[in-house]
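Student: In the working numbering, the protein residues as written are 1 to 742.
Sharing a structure with you now.
Here it is, written out as structure tokens:
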């Protein structure tokens, strides 16, 4: 450092070096000070004597001070007046006032916005495959390799290089731990790929003959056995055609409540048969089925059914379909149209030909070796066999005895049965089967994944359950924050309107915020025969929510009503709904009656929704509104003068005739003149002839006195107002869609 260097050397040498430096020689002081200064410095023998010389005082102030600088350039900052640099500013810094400076004022308060949770889980989906490296998985998950390696240790995997391959099951476990969704990709390289049967889903509006058409194709009578004459389950079966080929059919319900079932059917199918009744034409669920097929990118074959009816008009149906954007072959498109009749079996051979032709154009093939990929079509709980899943194999071969992970459930396949109920050892692609041996009931729409061991299946199941719980909690948190934000905005608007009202501003009726009516919570427990109907009933009940009644489905389950359902209903004061389940035993029914628990059991979705809708209307508190109970016109005016203070003030009596409804003494009266309100108050006296009465009906004459009102004129109208509690209405459409209208 520079100051250390000056300290080690004598002041004589320092002063001489400074005086003989180039910077000093270049200054104007060179001629006057150089010769005398050098001589004086050499004449002193001590530092104290040198510093005591007044002539050399400039050395003390300019050069003989210790500079805490590390470079010559910084050292020069103290010599600006000598070396010609700009002089430093001294004194305390003071900010220059602005020319347009204004006095400080209080800023309006702005409430802070709700901050989003920084650790919220992502909704993104990544693709995983067998043999992907840790580095590749880390990039797709957006995490570091070290983080993923620590997770691998937690799941019991050996940690090696970041380029080591991972199993697809381990990759899914890690991705779920991170909080992202996964989509499995399978390689067909080196596999045996063979042609397979097409999977055809029959869709359309309710009561358009979908099941009857399938009965005609497979020579059965399923439609006659169904409750209410409508399909309420997703059925899967194989139909052998007259040509020798086989087609796997999925029969979907047409009721509006089973939208999720139709979406699942479109997701796993190859071809959609859109059934449209020739007499009804295009209906709401017809359009919904078209939308599902387009979303899944599945080709459509139109079957115009009921062509045997006198009111049938196939040409009108074709025009309606074309107007909805469906490119028919007759109009230059690629969608085949077949006119059929399930009753007379007309056109069934043409429908079979159209389906096989469409399948041939698609060149449907599947891998037949290796682990199986399957899809849960439906799931139910059997009393003797436990959880059962109706599955459709997409690729590979499903073998009895394999360990599987099905959604958030797992198990070992104990038995496989075909659509006829016969035991089989394996299931090949496009084959619908029923499997048993699962530890729990899966959700309809879950994928079936074959794994190596029971431990791996259990790990996948537990990981998926944890992720489902995290997603559920995150969704609840987001909904709560959204509700809080809505309440905050509403409160701010109320405060703003109150401020404007105090300032004398005029507020329009559209700006006034009405107080929300009291909302009643209706807790419900849903039990049904299969997983798909549980979801359908639950989704339909949620559509019955209204501003007055909140339908809270607190528990759902598959199977009959049991004692635990009664205990939960008693604790939560809930109603139990059973769909397609047997009536509970007498002991349970008596216990429910004693605990005042309502149990409603139905086998037809129409009746269930209507019953629950009326129950909701009964529970709703309603909304009080002012209505006109009757009107009376003033025909004459009578005036009574008050003779003394004891007899009271002057009184005006309006002689009226009731023109409509009735006039009651206990109601509020409104005086109208030329359609405008003149007065509104209570009635203190109502007489007919000379008798006091409470009510005067239409067509009768009466006399009435209004409190604090003396401004009557002949021709004025007096309205009788009363408060009416209006209950919401249950509305059901032809398609089966229901809602509560307040």
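Using N, Cα and C, we set each Cβ at its ideal position, and we do this for glycine too.
#1: In terms of residue numbering, what span does the beta strand (DSSP E) encompassing residue 664 cover?
#2: Considering only the alpha carbon of each residue, which of 694, 599, 435 and 203 lies closest to residue 292?
#3: Please go through the same chain and pick out, in chain order, the residues whose beta-carbon is closer than 6 Å to the beta-carbon of residue 625, but skip the five residues on each side of it.
#4: Based on the DSSP secondary-structure assignment, which residues constitute the bridge partners of residue 783?
#5: Which runs of the beta strand (DSSP E), 3 residues or longer, sit entirely within the stretch 517 to 589?
#6: Where are the beta strand (DSSP E) runs, 3 residues long or more, that stay fully inside the stretch 360 to 418, in chain order?
#7: Which term fits residue 575, buried or exposed, when burial requires 16 or more other beta carbons within 10 angstroms of its beta carbon?
#8: Indicate whether the contact test is met: 3 or more Cβ pairs, each with one atom in the stretch 559 to 569 and one in the stretch 592 to 600, closer than 8 Å.
#9: Would you tell me roughly how many angstroms separate the C-alpha atoms of residue 433 and residue 268, rounded to the nearest one?
#10: Can you round the beta-carbon distance between residue 308 and residue 200 to whole angstroms, since I take them to be within the 8 Å contact cut?
#11: Give me, in chain order, the residues of the same chain whose beta-carbon lies closer than 6 Å to that of residue 640; leave out the 5 immediate sequence neighbours on both sides.
#12: Answer with buried or exposed for residue 378, where buried requires no fewer than 16 other C-beta atoms within 10 angstroms of its C-beta.
#13: Among the residues of its own chain, which have a CB less than 7 Å from the CB of residue 700, if the five just before and after it don't count?
#14: Hey, residue 404 and residue 450 are a contact pair by Cβ (cut 8 Å); roughly how many whole angstroms apart?
#15: Out of 285, 350 and 672, state which residue places its alpha-carbon closest to the alpha-carbon of residue 628.
#16: Between 193, 205, 207 and 244, which has its C-alpha nearest residue 218's C-alpha?
#17: So which of 304, 380, 458 and 663 has the shortest CA-CA distance to residue 534?
#18: Measure from the alpha carbon of residue 557 to the alpha carbon of each residue in 328, 538, 375 and 426, then state which is nearest.
#19: Rounded to the nearest angstrom, how far is the Cβ of residue 581 from that of residue 553, given a contact under 8 Å?
#20: Going straight from the alpha carbon of residue 151 to that of residue 483, what length do you get?
#21: Between which two residues does the beta strand (DSSP E) harbouring residue 685 extend?
#22: Okay, do the stretch 457 to 475 and the stretch 282 to 291 touch, 3+ Cβ pairs below 8 Å being the bar?
#23: Mind checking residue 140: buried by the 16 CB within 10 Å criterion, or exposed?
#24: Cα-Cα, which of 242, 728 and 176 is closest to residue 353?
#25: So for residue 205, helix, strand or coil by DSSP?
#26: Residues in the same chain with beta-carbon distance under 6 Å from residue 277, minus the five sequence neighbours each way, listed in chain order, please.
#27: Once the 5 residues before and after residue 109 are set aside, which same chain residues still bring their CB inside 6 Å of it?
#28: Do you know offhand how far residue 683's Cα is from residue 606's?
#29: Residue 479 bridges to which residues according to DSSP?
#30: Mapping DSSP to helix, strand and coil, what is residue 743?
#31: Given a threshold of 16 other Cβ atoms within 10 Å of its Cβ, counted over all protein chains shown, does residue 656 qualify as buried or as exposed?
#32: Relative to the C-alpha of residue 654, which residue among 715, 675, 335 and 622 is closest?
Tutor: Let's see:
#1: Within the chain shown, the letter at position 664 stands for residue 664. Per DSSP, residue 664 belongs to the beta strand (DSSP E) from 651 to 664.
#2: Position 292 of the chain shown, counted from the first residue, corresponds to residue 292. The shortest C-alpha separation from residue 292 is found at 203.
#3: Position 625 of the chain shown, counted from the start, is the residue given in the question as residue 625. Taken in chain order, the residues that qualify are 724 and 726.
#4: Within the shown structure, residues of the chain are numbered from 1 to 742, placing residue 783 beyond reach of any answer.
#5: 520 to 528, 549 to 558 and 575 to 579
#6: 365 to 367, 373 to 382, 386 to 395, 403 to 406 and 409 to 417
#7: Taking the chain shown and counting its residues from 1, one reaches residue 575 at position 575. Buried, because 16 or more other Cβ atoms sit within 10 Å of the Cβ of residue 575.
#8: yes
#9: Residue numbering aside, residue 433 sits at position 433 when the chain shown is read from its first letter. Residue numbering aside, residue 268 sits at position 268 when the chain shown is read from its first letter. Between residue 433 and residue 268, the C-alpha separation is close to 15 Å.
#10: Looking up residue 308 in the chain shown gives position 308. Looking up residue 200 in the chain shown gives position 200. With 8 Å as the limit, residue 308 and residue 200 do not qualify as a contact, their Cβ atoms being about 23 Å apart.
#11: Residue numbering aside, residue 640 sits at position 640 when the chain shown is read from its first letter. So the qualifying residues of the chain are 651.
#12: Counting from 1 along the chain shown, the entry for residue 378 is found at position 378. The residue is buried, with at least 16 neighbouring Cβ atoms inside 10 Å.
#13: Within the chain shown, the letter at position 700 stands for residue 700. Here the set comprises 658 and 688.
#14: The count along the chain shown starts at 1 and reaches residue 404 at position 404. The count along the chain shown starts at 1 and reaches residue 450 at position 450. About 6 Å separates the two Cβ atoms, so the contact holds.
#15: In the chain shown, counting from the first residue as 1, residue 628 sits at position 628. Just measuring C-alpha positions, the residue of 285, 350 and 672 sitting nearest residue 628 is 672.
#16: Counting from 1 along the chain shown, the entry for residue 218 is found at position 218. Among 193, 205, 207 and 244, the Cα nearest to that of residue 218 is on 244.
#17: Taking the first residue of the chain shown as 1, we reach residue 534 at position 534. Cα-wise, what sits closest to residue 534 is 380.
#18: Reading the chain shown from its first residue, position 557 is the one you call residue 557. The shortest Cα separation from residue 557 among 328, 538, 375 and 426 belongs to 538.
#19: In the chain shown, the residue the question calls residue 581 occupies position 581. In the chain shown, the residue the question calls residue 553 occupies position 553. The Cβ separation is near 16 Å, so there is no contact.
#20: On the chain shown, position 151 is the one that residue 151 refers to. On the chain shown, position 483 is the one that residue 483 refers to. Each residue's Cα considered, the two are about 36 Å apart.
#21: On the chain shown, residue 685 is found 685 positions in, with the first residue counted as 1. Where residue 685 is concerned, the enclosing beta strand (DSSP E) stretches over 676 to 688.
#22: no
#23: For the purposes of this step, residue 140 is identified with residue 140 of the chain shown, where counting begins at 1. Burial call: buried.
#24: Taking the first residue of the chain shown as 1, we reach residue 353 at position 353. Nearest C-alpha to residue 353: 242.
#25: As a position in the chain shown, residue 205 is number 205, starting the count at 1. It is coil, neither helix nor strand.
#26: Within the chain shown, numbered from 1, the residue matching residue 277 stands at position 277. Here the set comprises 208, 305 and 306.
#27: Locating residue 109 in the chain shown gives position 109, where the first residue counts as 1. Residue confidence for residue 109 is low, a pLDDT of 42 falling below 50, so the modelled location carries little weight and cannot support an answer.
#28: For the purposes of this step, residue 683 is taken as residue 683 along the chain shown, with counting starting at 1. For the purposes of this step, residue 606 is taken as residue 606 along the chain shown, with counting starting at 1. Their backbone Cα atoms lie some 49 Å apart in a straight line.
#29: Position 479 of the chain shown, counted from the first residue, corresponds to residue 479. Partner(s): none; residue 479 has no beta bridge.
#30: Given that the chain is displayed from residue 1 to residue 742, the structure contains no residue 743 and the question cannot be resolved.
#31: Position 656 of the chain shown, counting from 1, holds the residue named residue 656. Residue 656 is buried by the Cβ-count criterion.
#32: Indexing the chain shown from 1 puts residue 654 at position 654. Residue 654 has its Cα closest to that of 715, out of 715, 675, 335 and 622.
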